[in-house]
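**Student:** In UniProt numbering, the protein residues as written are 1 to 680. Before we start, here is the structure in question, set down as structure tokens.
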Ligand code: OGA
Ligand code: NI
């Protein structure tokens with residue numbers, strides 16, 4: 001077959017290949033329509049729609065599970081037949097291991113009688129081809145290509161094998177020598193893929209400057225336009241990929257495939273490029289899938305999202321929890337889902353840290369940390385990117401963070417896209433609750449300030465921009481910044497399991513605020529009362545929380561860890577001086593806290609050994625301190641510090657001016673170098 005002229009090859013393949021679906025635009029009769037509904041080709045219409053809009057699509061669990069395992073077994077057993085791959089075409093074919101050092105072989109889908117037929121392999125190949133037929137038909141139907149123009153396979157699969165860091169540098173599959181090669185279909189057979197194994201396919205779509213990394217997940221089918229630049233990142237695992245190309249030499253087909261996609265048209269509207277890594281920690285949350293789906297549907301550039309979800313589920317009770325999952329929607333974004341046993345869950349801080357550690361090498365330009373029960377306003381992605389742009393013009397290290405307004409099923413189920421509640425709504429000022437909770441922890445609150453206050457100039461010289469209000473605390477469930485913030489919050493380099501702050505729930509936001517503040521961050525919220533970004537399901541009815549893990553015998557262990565974690569946080573916040581219980585603790589973790597090591601605070605705003613700056617919020621107004629420099633002057637009037645967001649004190653010399661109005665639990669003696677939270 002190789003030797004026939006390509007147009008004749010294609011004609012033959014058209015006869016033996018899958019039939020294109022009926023033309024969808026040719027006014028089907030009711031009978032056609034009924035037939036079409038029953039047609040299996042429709043199975044992939046969503047994914048192919050995405051392929052048309054975005055130039056690529058993925059289908060998860062593509063082959064039947066046993067078929068996929070058989071395919072891996074068959075293809076990996078004939079290792080010796082693989083040859084170093086070459087680059088170029090025809091006589092220009094050369095080896096260049098710097099460009100490409102995978103090993104490949106070509107497999108005839110329709111072997112000739114004389115070919116050495118490995119029957120198991122041929123059966124597998126036939127089964128895979130059979131599974132691909134409806135996909136190929138769906139592509140032809142979507143592109144409106146009839147039997148004269150349709151895309152067909154050339155009857156050959158390429159089996160590719162990457163391991164030991166093998167890669168394939170940026171290239172295109174179509175070339176002047178292969179002009180008719182239009183669509184690439186790849187089935188990945190990498191077992192137990194995770195981020196550390198690498199081997200992602202990095203896709204650079206035309207006219208968009210960004211790229212998308214597609215994980216070679218086991219049994220994932222990837223479809224993309226062959227004229228897009230792409231590369232295979234170094235793979236540190238056994239990565240098998242079965243590739244089929246679709247060809248057509250008709251001009252109509254070339255135009256249909258190479259026409260600008262929806263996303264390239266949209267990206268021409270906004271040329272500045274960015275992408276967002278979204279971190280979602282979920283504890284047995286039946287709303288997690290809806291959250292992800294809504295996140296994707298409402299984003300202006302859903303294809304620029306890299307979303308990681310960490311489910312902490314019960315392997316038995318929660319088996320059906322995310323059953324309504326729709327892969328077609330999920331595949332618009334690049335999505336990673338990991339599940340751990342809910343019994344191993346130790347709180348949101350630990351879960352978000354786990355995600356950050358696993359996904360720290362993602363390629364996104366922005367980081368978005370959210371909860372697993374949220375909904376979003378249209379174009380939330382553009383809004384946040386723009387707000388952060390403004391914030392960064394004031395402070396290079398900035399984050400957007402605030403408690404979002406609530407939603408429940410009543411105000412949401414009927415509405416595909418949520419309408420903002422009528423004003424007055426917002427801005428939300430993040431402050432601390434004036435009263436410590438029963439554990440002696442500071443609780444964070446968000447209060448609506450309406451009408452929005454005018455931008456102010458703070459005592460430390462920070463000038464609020466028109467569109468932003470300066471926050472005193474972060475909201476852990478809505479935090480938008482740059483990827484570097486993952487390290488600032490979660491100390492990714494440190495393997496110390498103790499630094500997970502196991503069991504921590506209340507305290508997470510104070511601790512994270514302290515970490516960010518002392519590392520030089522400014523936290524902001526939108527000032528515009530009409531600017532919605534997200535909505536949060538505040539009610540905990542109908543969902544479990546990791547608090548259930550505090551029950552029973554194993555719960556006691558976690559309770560102890562929580563007490564310890566809370567002690568760490570209180571120490572860092574200056575709410576409690578730390579009394580080490582073991583020698584190990586004395587020299588270890590806790591000593592590092594105030595020194596910017598381990599999970600402790602940073603040093604950027606520490607003016608000298610004992611001088612720290614801190615955000616001011618609404619509690620402890622009774623506790624006096626100086627206003628701008630060293631803590632010698634006591635502040636007696638809250639009005640004086642009402643305008644302040646930052647005060648400096650020496651930790652050793654600060655004192656309580658008027659303890660009579662302070663509840664005894666609020667009285668503390670800060671230890672040297674600790675952060676003091678003063679809250680107006
Ligand atoms: C190729 C290629 C991609 C992959 O062989 O041309 O780009 O993911 N392969 O294996
Ligand atoms: Ni390629």
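Heads up, the beta-carbon is just placed ideally off N, CA and C, and yes, glycines get one too.
From this set, 304, 546 and 404, which residue's C-alpha is nearest residue 341's C-alpha?
**Tutor:** Within the chain shown, numbered from 1, the residue matching residue 341 stands at position 341. Considering only alpha carbons, the answer is 546.
**Student:** How far does the alpha helix (DSSP H) with residue 517 in it reach, from first residue to last?
**Tutor:** Within the chain shown, numbered from 1, the residue matching residue 517 stands at position 517. Looking at the DSSP string, the run of the alpha helix (DSSP H) that includes residue 517 is 508-518.
**Student:** When you compare only the Cα positions, how much space is there between residue 222 and residue 366?
**Tutor:** Position 222 of the chain shown, counted from the start, is the residue given in the question as residue 222. Position 366 of the chain shown, counted from the start, is the residue given in the question as residue 366. When rounded, the distance between both Cα atoms is 25 Å.
**Student:** Tell me which residue opens and which closes the beta strand (DSSP E) that residue 446 is part of.
**Tutor:** The sequence position of residue 446 within the chain shown is 446, counting from 1. Start and end: 444-448.
**Student:** Distance, Cα to Cα, residue 235 vs residue 198?
**Tutor:** Counted from its first residue, the chain shown places residue 235 at position 235. Counted from its first residue, the chain shown places residue 198 at position 198. About 5 Å.
**Student:** Can you list, in chain order, the residues of its chain whose CB lies under 6 Å from that of residue 686, leaving out five sequence neighbours each side?
**Tutor:** Because the chain here runs from 1 to 680, residue 686 falls outside it and cannot be looked at.
**Student:** Quick one: give me the first and last residue of the alpha helix (DSSP H) that residue 687 is part of.
**Tutor:** It is not possible to answer for residue 687, since the shown part of the chain is limited to 1 through 680.
**Student:** Out of 135, 297 and 293, state which residue places its alpha-carbon closest to the alpha-carbon of residue 244.
**Tutor:** For this step, residue 244 is matched to residue 244 along the chain shown. Checked all of 135, 297 and 293; the closest Cα to residue 244 is 135.
**Student:** Less than 7 Å between C-beta atoms, sequence neighbours within five positions excluded: which residues of the same chain meet that for residue 477?
**Tutor:** Locating residue 477 in the chain shown gives position 477, where the first residue counts as 1. Cβ neighbours of residue 477 beyond the five flanking positions: 370, 371 and 536.
**Student:** Consider the C-beta atom of residue 172 and the heavy atoms of the ligand NI; say whether any pair is separated by less than 8 Å.
**Tutor:** Along the chain shown, one-based indexing puts residue 172 at 172. Checking the Cβ of residue 172 against the ligand NI gives yes.
**Student:** Using a Cβ-Cβ cut-off of 9 Å, state whether residue 213 counts as contacting chain D.
**Tutor:** Absent from the structure: chain D. Only one protein chain is present.
**Student:** Measure the Cβ-Cβ separation of residue 406 and residue 538 and say whether it is below 9 Å.
**Tutor:** For this step, residue 406 is matched to residue 406 along the chain shown. For this step, residue 538 is matched to residue 538 along the chain shown. Their beta carbons are under 9 Å apart, which means residue 406 touches residue 538 by this criterion.
**Student:** State the DSSP-derived secondary structure class of residue 98, mapped to helix, strand or coil.
**Tutor:** For the purposes of this step, residue 98 is taken as residue 98 along the chain shown, with counting starting at 1. Three-state result, residue 98: coil.
**Student:** Going straight from the alpha carbon of residue 127 to that of residue 338, what length do you get?
**Tutor:** The count along the chain shown starts at 1 and reaches residue 127 at position 127. The count along the chain shown starts at 1 and reaches residue 338 at position 338. Distance between the alpha carbons of residue 127 and residue 338: 30 Å.
**Student:** Does any heavy atom of the ligand NI sit closer than 8 Å to the C-beta of residue 322?
**Tutor:** Taking the first residue of the chain shown as position 1, residue 322 is located at position 322. No, the ligand NI has no heavy atom inside 8 Å of this Cβ.
**Student:** Counting only runs that start and end within the region 266-338, where is the alpha helix (DSSP H) found for 4 or more residues in a row?
**Tutor:** Counting only runs of 4 or more, we get 288-298 and 327-330.
**Student:** Buried or exposed: which applies to residue 317, given that a residue is buried once 16 or more other Cβ atoms fall within 10 Å of its Cβ?
**Tutor:** Taking the first residue of the chain shown as position 1, residue 317 is located at position 317. Result: exposed.
**Student:** Name, in chain order, the residues that DSSP records as bridge partners for residue 127.
**Tutor:** By 1-based counting over the chain shown, the position of residue 127 is 127. Beta-bridge pairing links residue 127 to no other residue.
**Student:** Please return the same chain residues whose Cβ sits closer than 6 Å to the Cβ of residue 40, not counting the five positions on each side in sequence.
**Tutor:** For the purposes of this step, residue 40 is identified with residue 40 of the chain shown, where counting begins at 1. Here residue 40 scores only 45 on pLDDT, less than 50, and its place in the model should not be relied on; the value that follows carries that caveat. The residues are 134.
**Student:** So, with DSSP's three-state summary, where would you put residue 452?
**Tutor:** Position 452 of the chain shown, counted from the first residue, corresponds to residue 452. In this structure, residue 452 counts as coil in the three-state DSSP scheme.
**Student:** Out of 253, 428 and 182, point me to the one whose CA is closest to residue 146's CA.
**Tutor:** Taking the chain shown and counting its residues from 1, the one referred to as residue 146 is at position 146. Comparing Cα positions, the closest option is 253.
**Student:** Can you list, in chain order, the residues of its chain whose CB lies under 6 Å from that of residue 59, leaving out five sequence neighbours each side?
**Tutor:** Within the chain shown, the letter at position 59 stands for residue 59. So the qualifying residues of the chain are 47 and 221.
**Student:** Would you list, in sequence order, the uninterrupted beta strand (DSSP E) runs of no fewer than 3 residues that lie entirely inside the region 331-390?
**Tutor:** Listed in chain order, the complete beta strand (DSSP E) runs (minimum 3 residues) inside the region 331-390 are 334-341, 366-370 and 374-376.
**Student:** Are the beta-carbon atoms belonging to residue 397 and residue 562 less than 9 Å from one another?
**Tutor:** Within the chain shown, numbered from 1, the residue matching residue 397 stands at position 397. Within the chain shown, numbered from 1, the residue matching residue 562 stands at position 562. Cβ distance not < 9 Å, so residue 397 and residue 562 don't count as in contact.
**Student:** Compute the Euclidean distance between the alpha carbons of residue 352 and residue 485, then round it to the nearest angstrom.
**Tutor:** Counting from one through the chain shown, the residue named residue 352 turns up at place 352. Counting from one through the chain shown, the residue named residue 485 turns up at place 485. If I take the Cα positions, the gap works out to 12 Å.
**Student:** Which same chain residues end up closer than 7 Å to residue 122 when comparing Cβ atoms and leaving out the 5 residues on each side of it in sequence?
**Tutor:** Reading the chain shown from its first residue, position 122 is the one you call residue 122. These residues qualify, in order along the chain: 111.
**Student:** Just how far apart, CA to CA, sit residue 274 and residue 83?
**Tutor:** In the chain shown, the residue the question calls residue 274 occupies position 274. In the chain shown, the residue the question calls residue 83 occupies position 83. Answer to the nearest angstrom: the Cα atoms are 39 Å apart.
**Student:** Among 277, 387 and 292, which has the Cα closest to the Cα of residue 374?
**Tutor:** On the chain shown, residue 374 is found 374 positions in, with the first residue counted as 1. Closest by alpha carbon: 292.
**Student:** Rounded to whole angstroms, what is the Cα-Cα separation between residue 568 and residue 462?
**Tutor:** Looking up residue 568 in the chain shown gives position 568. Looking up residue 462 in the chain shown gives position 462. Rounded to whole angstroms, residue 568 to residue 462 spans 30 Å at the Cα level.
**Student:** Could you have a look at residue 223 and say whether DSSP puts it in helix, strand or coil?
**Tutor:** Taking the first residue of the chain shown as 1, we reach residue 223 at position 223. Correct three-state label for residue 223: strand.
**Student:** Which same chain residues, not among the five before or five after residue 380, have their C-beta less than 7 Å away from its C-beta?
**Tutor:** Position 380 of the chain shown, counting from 1, holds the residue named residue 380. Closer than 7 Å at Cβ, skipping near neighbours: 298, 299, 533 and 534.
**Student:** Return helix, strand or coil for residue 251, following the three-state DSSP convention.
**Tutor:** Here residue 251 is taken as the residue at index 251 of the chain shown, counted from 1. The answer is helix: DSSP assigns residue 251 an H, G or I state.
**Student:** Residue 522 and residue 443: beta carbons closer than 9 Å?
**Tutor:** Against the chain shown, residue 522 aligns to sequence position 522. Against the chain shown, residue 443 aligns to sequence position 443. Their beta carbons are not under 9 Å apart, which means residue 522 does not touch residue 443 by this criterion.
**Student:** Less than 8 Å between the CB of residue 227 and some heavy atom of the ligand NI, yes or no?
**Tutor:** Residue 227 sits at position 227 when you count from the first residue of the chain shown. No, the ligand NI has no heavy atom inside 8 Å of this Cβ.
**Student:** Which residue comes first and which comes last in the beta strand (DSSP E) that contains residue 525?
**Tutor:** Position 525 of the chain shown, counted from the first residue, corresponds to residue 525. 522-526 is the span of the beta strand (DSSP E), which, as asked, contains residue 525.
**Student:** I'd like to confirm something about residue 232: is its beta-carbon nearer than 8 Å to some heavy atom of the ligand OGA, or not?
**Tutor:** For the purposes of this step, residue 232 is taken as residue 232 along the chain shown, with counting starting at 1. Because some heavy atom of the ligand OGA lies under 8 Å away, the Cβ of residue 232 counts as near it: yes.
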